[in-house]
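In order, the protein sequence lines correspond to chains A and B.
Sequential numbering from 31 applies to the first sequence in our numbering.
Sequential numbering from 526 applies to the second sequence in our numbering.
Ideal Cβ positions, reconstructed from N, Cα and C, are used throughout, including at glycine.
Notes to accompany the following structure.
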Amino acid sequence: MQITLNVWRQAGPRALGRFERYTAKDVSPHMSFLEMLDVVNEELIEAGKDPIAFEHDCREGICGSCGMVINGVPHGPKPAITVCQLHMRSFNDGDEVWIEPWRAKAFPVIRDLVIDRSALDRIIEAGGYISVRSGSAPDANAIAVPKSIADTSMDAAACIGCGACVAACPNASAMLFTAAKVAHLSKLPQGQPERQQRVLNMVEQMESESFGYCTNHGACQTACPKEISIDFIAYLNRELLTATLLG
Amino acid sequence: MEFNSRVPSGPIENRWENHRFEMKLVNPANKRKYDIIVVGSGLAGASAAATLGELGYNVKCFCFQDSARRAHSIAAQGGINAAKNYQNDGDSIYRLFYDTIKGGDFRSRESNVYRLAEISLNIIDQCVAQGVPFAREYGGLLANRSFGGAQVSRTFYARGQTGQQLLLGAYQALQRQVAAGRVEMFTRTEMLDLVIVDGHARGMVVRDLVTGEIHSVAAHALVLATGGYSNVFFLSTNAKGCNVTATWRAHKRGAAFANPCFTQIHPTCIPQAGEYQSKLTLMSESLRNDGRIWVPKKAGDSRRPKDIPEEDRDYYLERIYPSFGNLTPRDVASRRAKEAVDAGRGVGENRGGVCLDFRDAIQRLGQSVITERYGNLFDMYQQITGENPYEIPMRIYPAPHYTMGGLWVDYNLMSTIPGLHVIGEANFSDHGANRLGASALMQGLADGYFILPYTIADYLARTEETAVDTDHPAFKRTEQEVRERVQRLLNVNGTRSVDSFHRKLGELLWNQCGMARDASGLQDALAKIPEMREEFWNDLLVSGAGKEFNQELEKAGRVADFFEFAELMCRDALDREESCGGHFRVEHQTEEGEAKRDDENFAHVSAWEFTGVGHEPVLHKKPLEFEYVNLTQRSYK
Ligand SMILES: Cc1cc2nc3c(=O)[nH]c(=O)nc-3n(C[C@H](O)[C@H](O)[C@H](O)COP(=O)(O)OP(=O)(O)OC[C@H]3O[C@@H](n4cnc5c(N)ncnc54)[C@H](O)[C@@H]3O)c2cc1C
Ligand code: FES
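So this is what it looks like as structure tokens:
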């Protein structure tokens, strides 16, 4: 197959960006999208040009490093996967593809498709944990956790922190990311003691970063490669209300 | 080079306890006077940095990813072992100890392994308290499964995402210390060299991957938790960024490298599809519980696997190992697959795979049961290959996966350089010649949460505290060397990309220092590697500049180190004239083709001392003593 690519190129955070056009030739349907970009980059390098910078590491859909907007859709056209799991058999010969970085004020571009997502780390720092000193824990089976609660907590904990939810949201809100962590921890018995402080601190941090507000569009849920449900946002809102009233 | 293993004596079950008592403590008020560098934020590094911060030390933690949470540990699927005996099926600390020693084919230290088994209990407690959502039974207690051929159910898991959930637990503990001001986190920062002052490790030189700035960091002690080197093969199941740079640079500064040839090849990965392939994907080992492995009897059979009738199929594992069948250990299953493919009996593209067939399991149990057990794996397989494994047998092939070798450490996890500690996959300590499934996560967390925080205190308390800052000439000198090396990579200005060299190196190693090795192949590799390395330094093309975000430059530095390290790996494989665990020397096999260990001459750790690039390294043999477990030949017939 042959694919025409329009790729966002931007030399640095303050540089002006623009789309550049490339042709990916001899694309095999078995290639992953990132492997297709590898091949384009090989050609660029051998022609003495700067390759396209993009983030990736595990290439298995779990580390959350990769992420780009393909034809307007974060992580590309197939639901419930990251871009490293997208394969070229999802495209047709002659397709034209537009590739951009996550666009959000809270995620400044570092280079081309690489962005700075450290705001997400700071939200976790503000309260996305259960305080437990190493070595001070009781026996693991001392607390029974009903299976349904453990399962829901796991559903929320599956977030890989890629930031697609922010990229998909018209307001660039980080509500789904924050809600998933709040739900993961606050649903569990172990998470109860810090429950109110956690939600207050995390939301406060989220609001102090340059994320927008949540207006319940639901685009985040559609873009999420781990299919994290916006029900967790409703949960977060309830938690926040209770904590504010009690606090 | 000085080796003091510091292995305590006495009854094995009291050794760690006694050792802890004998170790010196750092007065709580003094802890904040000590700076500690932790390189790596995987399970080992994040758990160590969080614990050290909590204890009151000043910690600086580094990783090359954009967030500590993305370290390669995140990718582990299967689970983590612990001798909790929650299933009441006869498990115990001693049994886990025994299984690990035997599984490692008697090439690890008894004392270390016993301690690991002992601590496994605390790990699960710690993780549950942190909110790791392990799988549970309906009664609300923790669920277990058996894994990797173990006869007891001791593996804890969180769906197919155990590594992710354990790492998030450690990462969250780490971020909590960042907020408390006890840990400073440096993401997108790569360690490029170690700085030694008066014989002690006192700091390192790093490159800021965003600005390209090179600078130094000083401390009272360092911890390397930089993971394994499977990516020396180019194609492996590891994340793309995994590398040997930190441990190799430490080796060049005086840290002994132990057993570099002990690498693990995982039997169930998706075969390579084309030349553009960038990595290989692991399919959980659990698939072998229900899938049957076979190849056509006839070499060159060009029928589609589905159309090959029963009488023309060879279920070779079931045939050769009637009692373990498809569940033989990783090394054995991998080698037999290679044998079949080498004989032209493979299936699929280039005949590069063997069948893992669920037809019988689906007939016996029904499709819904199979979906329930393996649904997500089947989806993943279809995602990658475009084939439906419910209808067409899966194709699998072995791939490099884990490295048991690493920097030599004593019982305190300190390398041969005083002050330099090494934890997690980066050290050599616990898995001998072969690692059991679900034991790497256990080791990383044992090292980080429960061992290193004690042992590093002993080092600090015994060492006279001197102030060193980065103006010291040793820092300036090392910084200069790093700058020159980076510049050298940029200056080659040849014609070929980093990846093109890395691929070639990987191919050579895979063929000649992979699943099966022999003297002539290894000698040939040892002759070729220096030539390839020279070509690399003459014809490499790295675009861009040093003082900017430059991914090609990052890769070039790592591949340059792989080119030096590869030689040591082959040399070690050549020297070890026996077969054990993941190291199979074709010359040393039984009549039935099984690995033949030589305990008389090789029951030792091979610790190598660096003497210069292209120079013969010095081998130090560190004997292994077995007081508790009898050395026996493994048999899976
Ligand atoms: C696909 C897959 C599945 C697996 N499944 C299991 C399983 O089910 N059970 C099990 O027990 N084990 C499993 N393993 C093995 C296990 O995941 C690893 O051995 C383990 O996670 C390694 O942890 P670590 O902390 O030592 O290193 P890593 O997690 O690899 O972390 C290395 C850290 O070092 C940093 N680093 C490296 N070099 C530098 C440098 N030069 N400068 C700065 N930072 C650096 C990285 O940024 C990273 O933070 C699996 C492995 C793979 C590949
Ligand atoms: S590279 Fe890890 S999720 Fe895509």
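request  = Could you list which residues in chain A have their beta carbon closer than 9 Å to that of Glu662 of chain B, in chain order?
outcome  = Locating residue 662 of chain B in the second sequence gives position 137, counting from the first residue. Per Cβ cutoff of 9 Å: Lys177.
ask   = What does Ser530 of chain B touch in chain A if you count any residue whose Cβ is under 7 Å from its own?
value = Position 5 of the second sequence, counting from 1, holds the residue named residue 530 of chain B. Ordered by position in chain A, no residue passes the 7 Å Cβ test against Ser530 of chain B, which lies about 25 Å from the chain.
message = Whether or not the region 755-767 of chain B and the region 883-901 of chain B are in contact is what I'm after, with contact meaning three or more pairs of Cβ atoms, one per stretch, closer than 8 Å; do they touch?
response = no
key: CB contact check: Ile92 of chain A to chain B, cutoff 8 Å   = Numbered from its first residue, the first sequence carries residue 92 of chain A at position 62. It does; some Cβ of chain B falls within 8 Å.
key: Asp1097 of chain B versus Ala1128 of chain B: straight-line alpha-carbon distance, rounded   = Position 572 of the second sequence, counted from the start, is the residue given in the question as residue 1097 of chain B. Position 603 of the second sequence, counted from the start, is the residue given in the question as residue 1128 of chain B. Taking the straight line from one Cα to the other gives about 14 Å.
query = Residues of chain A with CB under 7 Å from Lys765 of chain B, in chain order?
reply = Here the question's residue 765 of chain B lines up with position 240 in the second sequence. The contacting residues are His86, Asp87 and Arg89.
request  = Would you mind reading off the limits of the beta strand (DSSP E) that contains Trp819 of chain B?
outcome  = Position 294 of the second sequence, counted from the first residue, corresponds to residue 819 of chain B. Counting along the chain, the beta strand (DSSP E) containing Trp819 of chain B begins and ends at Arg817 to Pro821.
message = With a threshold of 8 Å, are at least 3 pairs of Cβ atoms found where one atom belongs to the region 806-816 of chain B and the other to the region 842-861 of chain B?
response = yes
key: Exposure of Asn952 of chain B, with buried meaning 16 or more beta-carbon neighbours within 10 Å   = For this step, residue 952 of chain B is matched to residue 427 along the second sequence. Per the 10 Å Cβ criterion, buried.
message = Can you find the residues in the same chain that come closer than 6 Å, C-beta to C-beta, to Asp616 of chain B, ignoring five residues on each side of it along the sequence?
response = As a position in the second sequence, residue 616 of chain B is number 91, starting the count at 1. Excluding residues within five positions, the ones whose Cβ falls inside 6 Å are Ala608, Asn610, Val677 and Arg679.
request  = Could you check if Phe546 of chain B is buried or exposed, using at least 16 other CB atoms within 10 Å of its CB as the buried criterion?
outcome  = For the purposes of this step, residue 546 of chain B is taken as residue 21 along the second sequence, with counting starting at 1. Its Cβ having fewer than 16 others within 10 Å, Phe546 of chain B is exposed.
ask   = Are any of the Cβ atoms in chain B nearer than 8 Å to that of Pro81 of chain A?
value = Here residue 81 of chain A is taken as the residue at index 51 of the first sequence, counted from 1. For Pro81 of chain A, the answer is yes, since a Cβ of chain B falls inside 8 Å of its Cβ.
message = List, in chain order, every chain B residue whose beta-carbon is nearer than 7 Å to that of Tyr159 of chain A.
response = In the first sequence, the residue the question calls residue 159 of chain A occupies position 129. Correct list: Gln697, Ala698, Gln700 and Arg701.
query = Quick one: which chain A residues come within Cβ less than 9 Å of Ile909 of chain B?
reply = Within the second sequence, residue 909 of chain B is the residue found at index 384, counting from 1. Those are His60, Ser62, Gln115 and His117, listed as they occur along chain A.
key: Extent of the continuous alpha helix (DSSP H) run through Phe1127 of chain B   = As a first step, residue 1127 of chain B must be located in the second sequence, where it is residue number 602. Note, Phe1127 of chain B: alpha helix (DSSP H), Asp1124 to Phe1127.
message = Beta-carbon within less than 6 Å of Met66 of chain A's beta-carbon, same chain only, minus the 5 sequence neighbours each way: which residues are those?
response = Counting from 1 along the first sequence, the entry for residue 66 of chain A is found at position 36. Around Met66 of chain A, the same chain offers Ala54, Val57 and Met118 as residues with beta carbons nearer than 6 Å, after the five sequence neighbours per side are excluded.
Euclidean distance between Cα positions of Gly737 of chain B and Arg1159 of chain B = As a working mapping, residue 737 of chain B is identified with position 212 in the second sequence. As a working mapping, residue 1159 of chain B is identified with position 634 in the second sequence. Rounded to the nearest angstrom, the two C-alpha atoms are 51 Å apart.
query = Are Ala783 of chain B and Ser530 of chain B close, meaning C-beta to C-beta below 8 Å?
reply = As a position in the second sequence, residue 783 of chain B is number 258, starting the count at 1. As a position in the second sequence, residue 530 of chain B is number 5, starting the count at 1. No, these two residues do not count as a Cβ contact at 8 Å.
request  = May I ask you to list the residues that DSSP assigns as paired with Cys1105 of chain B?
outcome  = As a working note, residue 1105 of chain B is residue 580 in the second sequence. DSSP lists B:His1108 as partners of Cys1105 of chain B.
query = Are the region 686-701 of chain B and the region 150-159 of chain A touching, with three or more C-beta to C-beta distances below 8 Å?
reply = yes
ask   = Could one say the Cβ of Leu667 of chain B lies closer than 8 Å to chain A's Cβ atoms, at least one of them?
value = Working through the second sequence from its first residue, we reach residue 667 of chain B at position 142. At least one chain A Cβ lies under 8 Å of Leu667 of chain B.
key: Own chain partners of Arg1083 of chain B with C-beta closer than 6 Å, once the 5 adjacent residues on each side are dropped   = Reading the second sequence from its first residue, position 558 is the one you call residue 1083 of chain B. Counting only Cβ-Cβ distances below 6 Å, and skipping sequence neighbours, we find Asn768 and Thr770.
ask   = Who are Val857 of chain B's beta bridge partners in DSSP?
value = Here residue 857 of chain B corresponds to residue number 332 of the second sequence, with the count starting at 1. None, per the DSSP bridge assignment.
Cβ separation of Val748 of chain B and Val564 of chain B, assumed to be a contact under 8 Å, to the nearest whole Å = Here residue 748 of chain B refers to the residue found at position 223 of the second sequence. Here residue 564 of chain B refers to the residue found at position 39 of the second sequence. Confirmed, about 7 Å.
ask   = Interface residues of chain A around Val653 of chain B at Cβ under 8 Å?
value = As a position in the second sequence, residue 653 of chain B is number 128, starting the count at 1. Within chain A, the residues near Val653 of chain B are Ala167, Ala170, Ile173 and Gln220.
request  = Identify every residue that forms a DSSP beta bridge with Gly688 of chain B.
outcome  = Translated into the one-based positions of the second sequence, residue 688 of chain B becomes position 163. In the DSSP assignment, Gly688 of chain B is bridged to no other residue.
message = Excluding the 5 residues flanking Met236 of chain A on each side, which residues of the same chain have their C-beta closer than 6 Å to its C-beta?
response = As a first step, residue 236 of chain A must be located in the first sequence, where it is residue number 206. Same-chain partners within the cutoff: Ile153, Ala204 and Thr208.
query = Are Pro792 of chain B and Pro923 of chain B closer than 8 Å when you measure CB to CB?
reply = The residue given as residue 792 of chain B occupies position 267 in the second sequence. The residue given as residue 923 of chain B occupies position 398 in the second sequence. Their beta carbons are under 8 Å apart, which means Pro792 of chain B touches Pro923 of chain B by this criterion.
task = Note down, in chain order, each residue of its chain lying with its Cβ closer than 6 Å to the Cβ of Ile173 of chain A, except the 5 sequence neighbours on either side.
result = Working through the first sequence from its first residue, we reach residue 173 of chain A at position 143. The residues are Pro219.
inquiry  = Just checking Asn756 of chain B against ligand 1 - is the residue's beta carbon closer than 7 Å to any of the ligand's heavy atoms?
reply    = Position 231 of the second sequence holds residue 756 of chain B. Incorrect: Asn756 of chain B has no Cβ contact closer than 7 Å to ligand 1.
query = Between Tyr927 of chain B and ligand 3, is the CB less than 7 Å from at least one heavy atom?
reply = No copy of ligand 3 appears in this structure; the ligands present are ligand 1 and ligand 2.
key: CB of Ile190 of chain A within 8 Å of CB of Lys256 of chain A, strictly   = Walking along the first sequence from the start, residue 190 of chain A turns up at place 160. Walking along the first sequence from the start, residue 256 of chain A turns up at place 226. Taking 8 Å as the Cβ cut-off, Ile190 of chain A and Lys256 of chain A qualify as a contacting pair.
ask   = With respect to 7 Å, is the separation between the Cβ of Ser95 of chain A and the closest non-hydrogen atom of ligand 2 below this value?
value = Locating residue 95 of chain A in the first sequence gives position 65, where the first residue counts as 1. For ligand 2, at least one heavy atom lies less than 7 Å from the Cβ of Ser95 of chain A.
query = How many angstroms separate the CA atom of Val113 of chain A from the CA atom of Asn1063 of chain B?
reply = On the first sequence, residue 113 of chain A is found 83 positions in, with the first residue counted as 1. On the second sequence, residue 1063 of chain B is found 538 positions in, with the first residue counted as 1. Near 35 Å, if we compare the C-alpha coordinates of Asn1063 of chain B and Val113 of chain A.
ask   = Of the residues that make up the region 119-145 of chain A, which ones have a beta carbon closer than 8 Å to any beta carbon in chain B?
value = Arg119, Ile140, Arg141 and Val144
task = Using only the heavy atoms of ligand 2, determine whether one of them is closer than 7 Å to the beta carbon of Thr112 of chain A.
result = If you number the first sequence from 1, residue 112 of chain A lands on position 82. True, at least one ligand heavy atom lies under 7 Å from that Cβ.
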